[in-house]
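Everything below concerns the one structure shown next.
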Amino acid sequence: SQKIEQNSEALNIQEGKTATLTCNYTNYSPAYLQWYRQDPGRGPVFLLLIRENEKEKRKERLKVTFDTTLKQSLFHITASQPADSATYLCALVRSSNTGKLIFGQGTTLQVKP
Amino acid sequence: DAGVIQSPRHEVTEMGQEVTLRCKPISGHNSLFWYRQTMMRGLELLIYFNNNVPIDDSGMPEDRFSAKMPNASFSTLKIQPSEPRDSAVYFCASGQPNSPLHFGNGTRLTVT
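Sequence lines, in order, name chains R and C.
The numbering of the first sequence is the working numbering, which starts it at 1 and goes up by one.
The numbering of the second sequence is the working numbering, which starts it at 1 and goes up by one.
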């Protein structure tokens, strides 16, 4: 069956360090992958999109990599801040024809001052 | 732009009652998605529409669930009859095909 796996344990890091979150998938050949941020009591908010033919995408302090051989995406937040504390979700679209977006369970990041 | 608007924000109902959740997508968006989120199962896709037409409802748990999109600016998700295991946060999201989704802030449903 198709699976999207993210670290279920919370990630705790010190302010100023780089946070790295992992998204692994099986039985997919995704057309593209997205990362979202979710705060308590709110809906997910889009952060970055990376396509299957792209290796890396950056936006300010955020960086996403996409390795279709390893079936893995890494999400990095550099110079982390307490305001970055949230749950981060990865999501895959299997086929660009359908636009059907499937989410992982998310990883909670806690940045301590 | 007010974003995706969902109502009600919270719903508490008794088992067996009918529940209707509402969603107003962002104007101009052609795709609309309904998701359900629980601690155990995360964010699950229930159904999605393109141009008001249901494309994939394979995530709808059972016949008690139904969704409609009578026009481009309104969608409903109905549960009849509701059961305690339906308790979750239900999200509506809209977007253009193959573009990022914009989520509402969800409806927290509690069925007692």
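Heads up, the beta-carbon is just placed ideally off N, CA and C, and yes, glycines get one too.
Item                                                                                                                  : Value
Top-ranked residue by Cα proximity to Pro-97(C), from Thr-107(C), Leu-45(C), Gly-28(C), Glu-18(C)                     : Gly-28(C)
The region 12 to 22 of chain R contacting the region 68 to 79 of chain R, beta-carbon criterion three pairs below 8 Å : yes
Three or more C-beta pairs below 8 Å linking the region 5 to 18 of chain R and the region 63 to 75 of chain C         : no
Under 7 Å (Cβ pairs) to chain C, residues found in the region 55 to 75 of chain R                                     : none
7 Å CB neighbourhood of Gly-59(C) in its chain, flanking five on each side removed                                    : Glu-44, Leu-45, Leu-46, Ile-47
Glu-18(C) versus Gly-42(C), Thr-76(C), Ala-2(C), Asn-51(C), residue with shortest Cα-Cα distance                      : Thr-76(C)
8 Å Cβ cutoff, Gln-34(R) in contact with chain C                                                                      : yes
Own chain partners of Ser-85(R) with C-beta closer than 7 Å, once the 5 adjacent residues on each side are dropped    : Leu-109, Gln-110, Val-111
Opening and closing residue of the beta strand (DSSP E) in which Pro-70(C) lies                                       : 65 to 71
Supposed contact pair Tyr-32(R) and Leu-49(R) - C-beta distance, whole angstroms, cut 8 Å                             : 6 Å
Inter-residue spacing [alpha-carbon to alpha-carbon] between Val-45(R) and Arg-37(R)                                  : 5 Å
The ligand ZN heavy atom lying under 7 Å from the CB of Pro-70(C)                                                     : With respect to small molecules bound, the structure shown includes none, and the ligand ZN cannot be examined in it.
Continuous beta strand (DSSP E) stretch holding Arg-108(C): start and end                                             : 107 to 111
Within chain R, the residues that Ser-31(C) reaches when beta carbons sit closer than 7 Å                             : Gly-99
Per-residue contacts from Ile-102(R) into chain C (C-beta, under 7 Å)                                                 : Leu-45
Residue burial classification, Pro-100(C) (beta-carbon count within 10 angstroms, cutoff 16)                          : buried
Neighbourhood of Tyr-102(C) by C-beta, 7 Å cutoff - its chain only, sequence neighbours within 5 removed              : According to the sequence displayed, residue 102(C) carries His and not Tyr. Once the five neighbours on either side are set aside, the close Cβ partners of His-102(C) are Gly-3, Val-4, Ile-26, Ala-93, Ser-94, Gly-95.
Closest by C-alpha distance to Ile-13(R), when choosing among Val-93(R), Ser-80(R), Leu-89(R)                         : Ser-80(R)
Opening and closing residue of the beta strand (DSSP E) in which Asp-39(R) lies                                       : Unbroken run through Asp-39(R): none, as it is neither H nor E.
CA nearest to the CA of Ala-91(R), picked from Thr-18(R), Gly-16(R), Glu-15(R), Thr-26(R)                             : Thr-26(R)
Whole-angstrom C-beta distance between Thr-107(C) and Val-12(C), which should lie under 8 Å                           : Contact doesn't hold; Cβ gap of about 11 Å is too wide.
DSSP bridge partner residues for Tyr-35(C) (one or two, in chain order)                                               : Leu-45(C), Phe-91(C)
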